[in-house]
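Enquirer: Numbering (mature numbering (1 follows the signal peptide of the UniProt record, and there is no 0)), first residue to last: -20 to -1, 1 to 385.
From the three backbone atoms N, C-alpha and C, an ideal C-beta is built for every residue, glycine too.
All values reported here derive from a predicted model rather than from experimental measurement.
Take a look at this one; I'll ask things after.
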């Protein structure tokens, strides 16, 4: 099952149909095909994660065990990576992506700094189409950093593939990101939740645009919806899509959008350049190409590509306060130890930070699945937080934390 199909399954869950069927039958959703080794265990574990099982940490551990026992096939490995993002283990998710990646991008292109390079966009551009790598939350972080600049440039609309449907669009537009299956597979990631909350705060109007059809029909349906949104909008539209959809060829959504919008559309591929193999400074750069000339920047035909060097990342990204998890300057580091929130020294401790004025069922500002004795950072915006520890025996402990502006 490709990530597209995972997302479509999440769409079905969000509609309530698949969830109701699962509840009635007493069986988990078939996220991976039945013929895959350990399929039943993998499906059970991921269904528990999607359905907000109180002990998500145990479900992630079970899924990890079953996926490894199956030999880490891509069909199951990408689900495990998605589960890692839900519990803030982003480096583990990227490691899975890199293990299955055909090639690592190189840093051989000069370019403009990010996000300042976006200021070179022509004023004629009314729709900016940029992709994310579903298994690399740093690509979402790049978008978070760009939001204030884009808003100042007249972008008022934000359409996201990660928004499953109009009902979730309505919830999120009010600032709540439900921490359950209704949010789909991707918004459960605290970085994705931070992105939509920040966008709403800046005044963006959110739009769901994905369609449950198969490839081809789906690409055209997405393009039609986005064209309609763009034509009804008084401001400029930014679209955050899945990896391949931004392409200007191959019957992808970007190609169909270009047929409708022409030079009003500008496309950026950041998925191909994420985690690039670079020496020296790890500065991100926006590489601009000529749409009318042959050749691709990093393997996809787009107007530009964003290269994000791997040297800017650390394997233990929560061991330091200087982490990409700051989301530019939006969030601040808070030092937490497992002893504070899981004092009985369990083997597993799910640590979650929620604002005291937020809905209790919303995705936390940050969370991390710690194993063994742990000391590291959560990253949150200023405010008063309740930090919860949920250990492997089902015990909960809380501490209050005030993060100053």
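(1) Considering just the uninterrupted stretch of the beta strand (DSSP E) at residue 268, what are its terminal residues?
(2) Could you spell out the range, first to last residue, of the beta strand (DSSP E) harbouring residue 246?
(3) Can you name the start and end residues of the alpha helix (DSSP H) that residue 362 belongs to?
(4) Does the count of Cβ pairs from the region 233 to 247 and the region 155 to 166 closer than 8 Å reach three?
(5) If you draw a straight line from the C-alpha of residue 27 to the C-alpha of residue 254, how long is it?
(6) Please classify residue 86: does DSSP put it in a helix, a strand, or coil?
(7) From this set, 111, 82 and 71, which residue's C-alpha is nearest residue 282's C-alpha?
(8) Where does residue 9 fall in DSSP's three states?
(9) Using a 10 Å radius around the Cβ and a threshold of 16 neighbouring Cβ atoms, would you call residue 134 buried or exposed?
(10) Could you give the distance in angstroms between the alpha-carbon of residue 307 and the alpha-carbon of residue 279?
(11) Going by beta-carbon coordinates alone, are residue 91 and residue 67 separated by less than 8 Å?
(12) Would you kindly report the start and end of the unbroken alpha helix (DSSP H) that includes residue 64?
(13) Please identify the residue among 177, 346 and 20 whose C-alpha is closest to the C-alpha of residue 123.
(14) Nearest by alpha-carbon distance to residue 50: which of 165, 13 and 212 is it?
(15) Check whether the region 372 to 380 touches the region 309 to 325, counting contact only when three or more Cβ pairs, one atom from each stretch, lie closer than 8 Å.
(16) For residue 333, write down the residues that DSSP places opposite it in a beta bridge.
(17) Going by beta carbon distance, what residues of the same chain come within less than 7 Å of residue 56, once the five residues before and after it are set aside?
(18) Please confirm whether residue 219 and residue 107 have their CB atoms less than 8 Å apart.
(19) Find out if the Cβ-Cβ distance for the pair residue 293, residue 248 is shorter than 8 Å.
(20) Rounded to whole angstroms, how far is the Cβ of residue 343 from the Cβ of residue 173, which I believe are closer than 8 Å?
(21) Buried or exposed for residue 34, going by 16 or more other Cβ atoms inside 10 Å?
(22) Could you check which residue in 350, 43 and 52 has the C-alpha nearest to that of residue 80?
(23) Measuring alpha carbon to alpha carbon, tell me which residue in 180, 179, 175 and 145 is nearest residue 163.
(24) Kindly indicate which residue of 129, 245, 296 and 358 has the alpha-carbon position closest to the one of residue 179.
(25) Any idea if residue 250 is buried or exposed, counting beta-carbon neighbours within 10 angstroms, 16 or more meaning buried?
(26) Under a Cβ-count criterion, where at least 16 other Cβ atoms within 10 Å of its own Cβ denotes burial, should residue 58 be classed as buried or exposed?
(27) Which two residues bound the contiguous beta strand (DSSP E) that contains residue 317?
(28) Is the CB-CB distance between residue 366 and residue 334 below 8 Å?
(29) For residue 311, is the classification buried or exposed, using 16 other Cβ atoms within 10 angstroms of its Cβ as the cut-off for buried?
(30) Which residues share a DSSP beta bridge with residue 108?
(31) Quick one: is residue 242 buried, meaning 16 or more other Cβ sit within 10 Å of its Cβ, or exposed?
(32) Which residues mark the beginning and the end of the beta strand (DSSP E) in which residue 379 is found?
(33) Let's see if you can read the secondary structure: which residues bound the beta strand (DSSP E) around residue 282?
(34) Jot down the residue ranges of each uninterrupted beta strand (DSSP E) in the region 174 to 202, minimum 3 residues, whole runs only, in chain order.
(35) Here's a check: name, in chain order, each residue in its chain whose Cβ is nearer than 6 Å to the Cβ of residue 361, leaving out the five neighbours to either side.
(36) Less than 8 Å between the CB atoms is what I'm expecting for residue 356 and residue 284, so what's the real figure, rounded?
Expert: Reading from the atomic positions:
(1) Element bounds for residue 268: 265 to 268.
(2) 245 to 249 is the extent of the beta strand (DSSP E) around residue 246.
(3) It is not in any alpha helix (DSSP H) - residue 362 carries neither H nor E in the DSSP assignment.
(4) Result no; under three Cβ-Cβ pairs closer than 8 Å.
(5) Within the model, the alpha-carbon separation for residue 27 versus residue 254 is close to 29 Å.
(6) Strand.
(7) Answer by Cα proximity: 111.
(8) Looking at residue 9 - three-state DSSP - the assignment turns out to be coil, as it is neither helix nor strand.
(9) Exposed, since its Cβ has fewer than 16 Cβ neighbours within 10 Å.
(10) Using only the alpha carbons, I get a separation of about 27 Å.
(11) Cβ distance not < 8 Å, so residue 91 and residue 67 don't count as in contact.
(12) Per DSSP, residue 64 belongs to the alpha helix (DSSP H) from 54 to 66.
(13) The shortest Cα separation from residue 123 among 177, 346 and 20 belongs to 177.
(14) Looking from the CA of residue 50, the closest CA among 165, 13 and 212 belongs to 13.
(15) With the cut-off at 8 Å, the region 372 to 380 and the region 309 to 325 touch.
(16) In DSSP, residue 333 forms a bridge with 346 and 367.
(17) Cβ neighbours of residue 56 beyond the five flanking positions: 12, 16, 22, 47 and 50.
(18) Judged by their CB atoms, residue 219 and residue 107 are nearer to each other than the 8 Å cut-off.
(19) For the 8 Å CB-CB criterion, residue 293 and residue 248 do not form a contact.
(20) Rounded, the Cβ-Cβ distance is 4 Å, consistent with contact.
(21) Classification for residue 34: exposed.
(22) Of 350, 43 and 52, the residue nearest in Cα terms is 52.
(23) Looking from the CA of residue 163, the closest CA among 180, 179, 175 and 145 belongs to 145.
(24) By alpha-carbon distance to residue 179, the top candidate from 129, 245, 296 and 358 is 129.
(25) Classification of residue 250: buried, given that the 10 Å Cβ count is 16 or more.
(26) Burial call: buried.
(27) Per DSSP, residue 317 belongs to the beta strand (DSSP E) from 312 to 317.
(28) Contact check for residue 366 against residue 334 passes: the beta carbons are separated by less than 8 Å.
(29) So residue 311 ends up on the buried side.
(30) Residue 108 pairs with 218 and 246.
(31) Its Cβ having fewer than 16 others within 10 Å, residue 242 is exposed.
(32) Annotation: the continuous beta strand (DSSP E) that includes residue 379 extends over 376 to 383.
(33) For residue 282, there is no enclosing beta strand (DSSP E), as DSSP marks it with neither H nor E.
(34) Taking 3 residues as the minimum length, the beta strand (DSSP E) runs contained wholly in the region 174 to 202 are 185 to 188, in order along the chain.
(35) By the criterion of a C-beta distance shorter than 6 Å, residue 361 is surrounded in its chain by 311, once the five residues flanking it on both sides are discounted.
(36) Rounded, the Cβ-Cβ distance is 35 Å, inconsistent with contact.
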